[in-house]
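What follows is a set of notes on a single structure, which appears directly below.
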Amino acid sequence: MRLRTAPGTAFWLALLVALTACLAAAFPRAVDRYEDAGLRRAVEQARPDRTSIEVFAPQPSMMLPPRGREDVLRPGVLAHQYAKVRAQVPRALALDPGQSTYGVRTTMDIPVPDPWLPRPTGKPAEVTLIAQAGLGAHASLARGRLPRADGDVTANTPELEAAVTVDTAKSLHIKVGSVIHAPAAGRTLPIRVTGIVTPHDPQGAYWSTHPILRSPSLIREPAPSLDMHWLGALLIAPEAAPLLLATPGSPEPYWQLAPSEQTLRARDTPALRSALASLEAGPALQRVRLEIDGPVTELSEITGRTDVLTDLDEILIAYDRFRGEVAPLVAVAASGTGTVAVVVLLMAGGLTADRRRSELALLRARGASLRGLTARLFAETAVVAVPAGALGLAAALVTVPEGRLPYAIAAAVAVTAVTCAALPLRAVAAHRAVRVHTGREDISSVRPSRRRTVVELTLLALAAGAVESLRRRGTSGASDDLVSLAPVLVGVIAALVLVRLYPLPLRVLARPAARLRGALAHLSLARAGRTSASAVLPLLALLTALTTAAFGGSVLAGVQEARDHAALLAVGADARVETATPLPSGLPERLRRSPGVSGLSAVSVTYDAKPEDGAVSVPLAGVNPADYAALSSRTGIGAFPADRLRKLRKGTAGGTTPALASTATARTYGTRPFPVLLPDGSSLTVRITGVLDRTSAVTGPDFLVVNREALSPETARPTTLLLTGKDLDGAALRRAAPEAASVHLRSEERERYVDSPLQTGAEGVYATAVAAGTGYALLALLLSLLRSAPERTALLARLRTMGLTRAAGRRLLILESLPQAILAALGGTLTGWATIRLLSPGIDLTAIALPSAEPSSAASELRTDTLSLAIPATAVLLLAVGMGIGQAWWSGRRGSVRELRAGDAR
11 MRLRTAPGTA FWLALLVALT ACLAAAFPRA VDRYEDAGLR RAVEQARPDR TSIEVFAPQP
71 SMMLPPRGRE DVLRPGVLAH QYAKVRAQVP RALALDPGQS TYGVRTTMDI PVPDPWLPRP
131 TGKPAEVTLI AQAGLGAHAS LARGRLPRAD GDVTANTPEL EAAVTVDTAK SLHIKVGSVI
191 HAPAAGRTLP IRVTGIVTPH DPQGAYWSTH PILRSPSLIR EPAPSLDMHW LGALLIAPEA
251 APLLLATPGS PEPYWQLAPS EQTLRARDTP ALRSALASLE AGPALQRVRL EIDGPVTELS
311 EITGRTDVLT DLDEILIAYD RFRGEVAPLV AVAASGTGTV AVVVLLMAGG LTADRRRSEL
371 ALLRARGASL RGLTARLFAE TAVVAVPAGA LGLAAALVTV PEGRLPYAIA AAVAVTAVTC
431 AALPLRAVAA HRAVRVHTGR EDISSVRPSR RRTVVELTLL ALAAGAVESL RRRGTSGASD
491 DLVSLAPVLV GVIAALVLVR LYPLPLRVLA RPAARLRGAL AHLSLARAGR TSASAVLPLL
551 ALLTALTTAA FGGSVLAGVQ EARDHAALLA VGADARVETA TPLPSGLPER LRRSPGVSGL
611 SAVSVTYDAK PEDGAVSVPL AGVNPADYAA LSSRTGIGAF PADRLRKLRK GTAGGTTPAL
671 ASTATARTYG TRPFPVLLPD GSSLTVRITG VLDRTSAVTG PDFLVVNREA LSPETARPTT
731 LLLTGKDLDG AALRRAAPEA ASVHLRSEER ERYVDSPLQT GAEGVYATAV AAGTGYALLA
791 LLLSLLRSAP ERTALLARLR TMGLTRAAGR RLLILESLPQ AILAALGGTL TGWATIRLLS
851 PGIDLTAIAL PSAEPSSAAS ELRTDTLSLA IPATAVLLLA VGMGIGQAWW SGRRGSVREL
911 RAGDAR
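Mapping the sequence shown onto this note's numbering, position 583 (from 1) lands on 593, and the numbers just tick up by one.
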């Protein structure tokens, strides 16, 4: 019945519930998705030599008979132990069986005297022998065949077959049929290379847990020695592992476990860390040792026991720390959007109860009980809200297919429950007592109750506490929900203040409007002042929504600004061309004429300038005063007046050259003159006359900047060019620059400042918060205007019978809706600005803006973004004006007969 009598209201309510349920259900799944992707990216970026779990046992005891020592290394025994080791891994740690393996390897590198192997400095090459299971499944033959072991291999077997990877063969000049001679017990062991293999997945854990397996290394001896030698791996058959006992390589059995990256989930990191701790030094390690070593004996205490090593726990700890920095910022956005959604849902219920006030009062007068009335209204709302909530949940599941389902269902159910309960609870509160006529309840006549005052003061205290806590501790300490609610609480308090102040400007404007010749201004202000007291809910929804949108937009703008600034600090300008040697003399002029270049400063940078006794080197930049001052002014990096460097002439102040210095350098050398020795043998005496926080030419805490004319001709030749301009062409700059020059663009540097799905996910949450805040603000205004649309239409019809023109009708509806819209727009803008100013000391955007490994010279603070304040507020005003124009046009097309009928319910 209700759907037939008010289909428009039911449609808008269903749309509101569906969109809100979709947002609420999608949020936890979206967080799960980007957090899981961030964990997988962190593990993927870490090399397998850090993520793999290595279980290794000591070499067979010398107390065992020779046959017993050989049997310990045979593949059948190792495979059986491999199965037992995998069975002891805690369930929380899923393994990748395709990349996990086992085998035997030498723990000491074996020098080989063959003269045909490369010797960069004359030192013989060294090899490590590895018998790893599964070689045929993880590599394809490029040439030859895989190594074999015929018969029962023992430590006395006379020769050995091996294979090498294509990289090892290329670097060590190994061919199929080559024989490498390794020392053995009292003899020389010939190792014949039978095949060269190509790894299927060189970056996988099978090949990269020990990179030497696939690629040789050029080993440098510790200083002061200058010797180097090659180290490569020879891959032998697993059945030949007992022969390694005859070599001096101290072979050991090992079991290599690769975690499954695709099954890693961020919510499981505590269980994963617990599982790894158990494997490294806990009950799981004890069980592994029992399976491999057997019971503890005096012999095992002497020879050593099986151990487990991995850096995966460190990766998880670093990821948890990074996620802990991002999560509070996301919680702020989620809390604000969630609060706005709840306010709008309650507002919808309140407006419906106010629209049906006469109907509900009549039902109560005819004997309807509160319980029966509540059940009826709940059922009426549920008929619309439950299908809409289910539709929103389904849309969320389709949009975000990954993540936890129970959380999504709970969020959608909560939205539906709030919607179903809002109208009955509001109706029960308004109709506890049976009344036929309630008197005037417009916003100008109703006085706030004591209970409302207490609630408002409580919210004020909570908001003050949340703001102070956020300013003191920052988001890193925002573990409680109250701190996360700080921005939206500020918006709620501002809304409550504006609601109390709303009648005042109407009364002030009504007096001069009454003296005007026309009646439109006076009539519109009078109707705005007689708005129902329940209309304060749209104002509350509008302000909280606008505050949330402004805060979220400022966060996104702050993230972009932080990345731009970090890229500028890294490059020093919009583009940088530098070499270790002086640049060609004509290059600056050629680049100055390049497309997009608006400014260029040539700088000679010397990194080996040695002040005073020469114990410490300080970078010294020789610059052209006018060009470099203009560059510093445009970039905002260490700006200074050009006159300060124009005075840098030889022979001033007793032969000293004034210089600009960093804070650290100025603290070290003070303002006294001191000599600086340059690499070409020349020197100059400088006096620090100015201090800069940083400068474009040099990165780092120490630097000196002098006039290039004070340097010797050799040192004064430019080595670095700093360019400014828009849309610089990197390809053109690289073509013009010498081959030895490195070209860095600010735009290219900025592109690498997002290295984790955690950051992109957090940005997505804030973008959604901005869109949702703006959308809820518009929806709140739309529902408010729709609530009063029948009354305005009837008023317009009556006034037209008295001679009101259509143009005057349009102006009346616009003027009537403007006071609330203007108050909301101005209040939302001011509240958003105040919120950002209040909370900016506690909001650090570095975790979202910059890579996790990027050193930050300063925190990326939140700053006010004008567009984020202006766009939502302007949209609210435009919607209010558009609704007034649209309603006036529509009522004019329909005519006035229906609205003039006596007794029609409005």
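All residues carry an ideal CB built from backbone N, CA and C; glycine is no exception.
- A Cβ-Cβ contact shorter than 9 Å links residue 31 with residue 401.
- Taking C-beta separations shorter than 7 Å and ignoring five residues to either side along the sequence, the partners of residue 24 in its chain run 394 and 398, following chain order.
- For the pair of segments examined, the stretch 49–63 was found to touch the stretch 324–338: the number of CB pairs separated by less than 8 Å reaches three.
- Setting aside the 5 residues that flank it on each side, residue 766 is surrounded in the same chain by 48, 51, 52, 332, 861 and 862, each with a C-beta closer than 8 Å to its C-beta; the list follows chain order.
- Judged by DSSP in its simplified three-state form, residue 713 adopts coil rather than helix or strand.
- Residue 64 carries a strand assignment under DSSP once its states are collapsed to helix, strand and coil.
- Closest option to residue 272, judged by alpha-carbon separation, among 103, 165 and 85: 103.
- DSSP places residue 725 in the coil class of the three-state scheme, outside both helix and strand.
- By the neighbour-count criterion, in which a residue is buried when 16 or more other Cβ atoms sit within 10 angstroms of its Cβ, residue 217 is buried.
- If you draw a straight line from the Cα of residue 354 to the Cα of residue 497, it comes to about 17 Å.
- Note that the C-beta distance between residue 171 and residue 204 is below 9 Å.
- Contact between residue 228 and residue 116 does not hold, since the beta-carbon distance rounds to 19 Å and is not under 8 Å.
- Around the beta carbon of residue 21, fewer than 16 other beta carbons lie within 10 angstroms, which makes this residue exposed.
- In this structure, residue 725 sits away from residue 604, with a CB-CB distance that is not shorter than 9 Å.
- In the DSSP assignment, residue 317 forms a beta bridge with 66.
- If you look at residue 115, you'll find it in the beta strand (DSSP E) that goes 111–116.
- Between the C-alpha atoms of residue 786 and residue 266 there is a straight-line separation of about 54 Å.
- Counting only the Cα atoms, residue 347 lies some 25 Å from residue 463.
- It is roughly 15 Å from the alpha-carbon of residue 340 to the alpha-carbon of residue 560.
- Look at residue 206 here: in three-state DSSP terms it is strand.
- The straight-line gap separating the alpha-carbon atoms of residue 884 and residue 742 is approximately 43 Å.
- Between residue 500 and residue 550, the beta carbon gap of about 13 Å keeps them out of contact (Cβ cut-off 8 Å).
- As DSSP reads the structure, residue 171 sits in a beta bridge with 202.
- Secondary structure at residue 640: helix, using DSSP grouped into helix, strand and coil.
- For residue 385, the enclosing alpha helix (DSSP H) stretches over residues 380–409.
- Taking the Cα positions, residue 279 is about 10 Å away from residue 285.
- Judged by DSSP secondary structure, residue 37 falls within the alpha helix (DSSP H) whose first and last residues are 17–55.
- A distance of 9 Å or more separates the beta carbons of residue 99 and residue 242.
- Under the DSSP assignment, residue 731 falls in the beta strand (DSSP E) whose first and last residues are 730–735.
- Inclusion of residue 858 and residue 565 in the CB contact set at 9 Å is warranted, their separation being smaller than that value.
- If you look at residue 150, you'll find it in the beta strand (DSSP E) that goes 149–154.
- The beta strand (DSSP E) runs of length 3 or more contained entirely in the stretch 753–788 do not exist; there are none.
- Judged by their CB atoms, residue 79 and residue 165 are nearer to each other than the 9 Å cut-off.
- For residue 754, the CB contacts under 6 Å within the same chain, skipping 5 residues up- and downstream, are 581 and 586 in chain order.
- Per DSSP, the unbroken alpha helix (DSSP H) holding residue 374 starts and ends at 367–375.
- Here residue 740 is exposed, its C-beta having fewer than 16 other C-beta atoms within 10 Å.
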